[in-house]
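First up is the structure itself, then whatever we jot down about it.
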Amino acid sequence: MKRVVSIGVAVLLAAAANLHAAEGNLLGDWAGLRPAMEEKGLTAEAVLTTDFLYNTSGGIRKRGTILGNVDVTLKLDTDKAGWWKNGTFFLYFLGNFNSNGPMTEIVGDVQASSNIEADSKFKLYEAWYEHRFSGDRFSVLGGLHDYNSEFDVVEYGSLFINSSFGIAPDISQTGPSIFPTTSLGLRLKAQPTEKSYLLAALYDGVPGDPHDPPRTAVILKEEDGVFAAFEAGMSAGQPGEKDYYKLGAGAWLHTAEVENFDGHPKGTNHGYYLIAEKTLFAESAAGQGLGGFAQVGWADDDWNQIAYYWGMGLNYTGLIPGRDRDSAGIAVGSARNGNKFMDFRSNVEGAPVERSETAIEVTYRAEVFPGVVVQPDFQYIVNPGMDPSLNNAFQIGSRVEIAF
1140 MKRVVSIGVA
1150 VLLAAAANLH
1160 AAEGNLLGDW
1170 AGLRPAMEEK
1180 GLTAEAVLTT
1190 DFLYNTSGGI
1200 RKRGTILGNV
1210 DVTLKLDTDK
1220 AGWWKNGTFF
1230 LYFLGNFNSN
1240 GPMTEIVGDV
1250 QASSNIEADS
1260 KFKLYEAWYE
1270 HRFSGDRFSV
1280 LGGLHDYNSE
1290 FDVVEYGSLF
1300 INSSFGIAPD
1310 ISQTGPSIFP
1320 TTSLGLRLKA
1330 QPTEKSYLLA
1340 ALYDGVPGDP
1350 HDPPRTAVIL
1360 KEEDGVFAAF
1370 EAGMSAGQPG
1380 EKDYYKLGAG
1390 AWLHTAEVEN
1400 FDGHPKGTNH
1410 GYYLIAEKTL
1420 FAESAAGQGL
1430 GGFAQVGWAD
1440 DDWNQIAYYW
1450 GMGLNYTGLI
1460 PGRDRDSAGI
1470 AVGSARNGNK
1480 FMDFRSNVEG
1490 APVERSETAI
1500 EVTYRAEVFP
1510 GVVVQPDFQY
1520 IVNPGMDPSL
1530 NNAFQIGSRV
1540 EIAF
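What follows is the structure in structure tokens.
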């Protein structure tokens, strides 16, 4: 496995260095079908993402795996379809697979070094309807919905493969409506002013079927409670633009009747977070320049192992002359155990743990053909799993993304 991954990474690095970036997708306009569909309001996308990863040292073992993710989405604009104005239907089908088990069982980390790691399954992931009011300044959305598609989002963090730079672990540890399993939800969105936004949502507190986690299911029980979310912030422009920025503050409340880390049922679980990102330097060419982001979050340490998280990163689009659409980045994220969890592990279980786990990621994303992206990636994990018996891990690999 090591030889296969090493050869694959070398070939992909060579391709990224020698080919010029291009826009579009691998199959073009589908012989005219794509624009014909879009004229009638239907937008279809299909993307295959594959991670070739190998843990070279530390962690649980030296080993590699291949992780795969298939995204198929359909979006229907009701106005263009000739039905009614201001409506959108959305369907999202998700497929996952792996060749050698999940990477977390190789590295032993809690922050999941790949954000596409999931049980092998092809299923319906999202299915919702959104209606917009007041010139798109207010909207209501209902159905199967990914909380992290709108909450706790930093666009400059989306370059990175480690899952913490997408959904922070202080939130993901609670099992909300996120990848790879969503729940039924109702989301409200408002834009009181040109540069402000408000988000509020209620989700079923236990996504899917706990007895069969990979499958899509809507099971509503009183003991499942709800996952309530709120975020407010300020934002202007788009990522890559000179004046782009986003500042957000959010809170969540989880009322499901579940046990905490010491096996005892607790009251309502809750947490808070702050996010910020900004274009730090913009080149004269559109979309090129340096951007940065920061995340910080807190979770109730009566309930949660991870009581505190912080993350930050930088990425630069167009860093290398002639590679105007390529992006290079570095990011660091640290998940910290709460005092009560550490006391429980040390005094009750007799298994002391480290205070924190820190992930450092360096990556480079290059479009080598129309619709084909190659992304060499390197991650160093300090204190994987907060387990004192595990040495720091160094993971290498590459992501290949094909848009059809």
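In this note's numbering, the protein residues as written are 1140 to 1543. We put the CB at the ideal spot given by N, CA and C, even for glycine.
According to DSSP, residue i sits in a beta bridge with which residue or residues?
i: MET1451; result: ALA1433 and VAL1471
i: GLN1514; result: ARG1538
i: MET1373; result: SER1335 and LEU1386
i: ASN1476; result: ILE1445
i: TRP1391; result: ALA1368 and GLY1410
i: ASP1216; result: THR1227
i: PRO1404; result: GLU1398
i: GLU1506; result: VAL1512
i: THR1418; result: GLY1430
Have a look at residue i and residue j and give me their C-alpha separation to the nearest angstrom.
i: GLU1177; j: VAL1211; result: 16 Å
i: SER1311; j: GLY1305; result: 10 Å
i: LEU1206; j: LEU1341; result: 31 Å
i: TRP1442; j: ASN1399; result: 5 Å
i: LEU1158; j: PHE1508; result: Only weak support is given to the placement of LEU1158: the predicted model assigns it a pLDDT of 35, under 50, and the value that follows is read from those uncertain coordinates. Distance between the alpha carbons of LEU1158 and PHE1508 is about 8 Å.
i: GLY1489; j: VAL1249; result: 20 Å
i: LEU1338; j: ALA1388; result: 10 Å
i: TRP1449; j: ARG1326; result: 26 Å
i: ALA1251; j: THR1320; result: 16 Å
i: ALA1161; j: GLY1167; result: At ALA1161, the pLDDT of 38 sits below 50, so the modelled position is not reliable; the number obtained from the coordinates is stated separately. So the two alpha carbons sit approximately 12 Å from each other.
i: PRO1515; j: PHE1261; result: 26 Å
i: VAL1511; j: PRO1378; result: 22 Å
i: GLN1534; j: PHE1517; result: 6 Å
i: PRO1404; j: THR1394; result: 11 Å
i: ALA1257; j: ILE1317; result: 12 Å
i: ALA1446; j: ALA1415; result: 20 Å
i: GLU1506; j: SER1297; result: 16 Å
i: ALA1149; j: LYS1381; result: Below a pLDDT of 50, predicted positions are generally treated as unreliable, and ALA1149, at 42, falls in that range; no measurement from the model is reported.
i: GLY1436; j: ASN1522; result: 20 Å
i: ASN1239; j: ARG1202; result: 9 Å
i: LEU1230; j: GLY1461; result: 37 Å
i: SER1537; j: ILE1245; result: 17 Å
i: ILE1255; j: ASN1235; result: 8 Å
i: ARG1464; j: LEU1453; result: 16 Å
i: GLU1361; j: PRO1349; result: 15 Å
i: ASP1275; j: GLY1226; result: 10 Å
i: ASN1237; j: THR1332; result: 45 Å
i: GLY1524; j: SER1423; result: 44 Å
i: GLY1198; j: GLY1247; result: 6 Å
Under the three-state reduction of DSSP, which class applies to residue i: helix, strand or coil?
i: LYS1201; result: coil
i: ASN1164; result: coil
i: LEU1230; result: strand
i: PRO1174; result: helix
i: PRO1353; result: coil
i: VAL1249; result: coil
i: THR1243; result: helix
i: VAL1487; result: helix
i: GLY1207; result: strand
i: ASP1190; result: strand
i: GLY1524; result: helix
i: ASP1343; result: strand
i: GLY1184; result: Gly is not the amino acid found at residue 1184; the sequence shown has Glu there. Residue state, collapsed to three classes: strand.
i: GLU1362; result: helix
i: TYR1519; result: strand
Could you tell me whether the Cβ atoms of residue i and residue j are closer together than 8 Å?
i: ASP1190; j: SER1253; result: yes
i: TYR1455; j: SER1473; result: no
i: VAL1539; j: PHE1432; result: no
i: SER1322; j: ALA1498; result: no
i: ALA1307; j: TYR1384; result: no
i: ASN1208; j: THR1195; result: no
i: GLU1496; j: ILE1520; result: yes
i: LYS1179; j: LYS1219; result: yes
i: PHE1299; j: THR1502; result: yes
i: GLU1500; j: ALA1470; result: yes
Mind checking if residue i is an interface residue toward chain C, Cβ cutoff 8 Å exclusive?
i: GLU1540; result: The structure shown contains no chain C; it is built from a single protein chain.
### Message
Which runs of the beta strand (DSSP E) at least 3 residues long sit entirely within the stretch 1265–1337? Give them in chain order.
### Response
1277–1284 and 1322–1329
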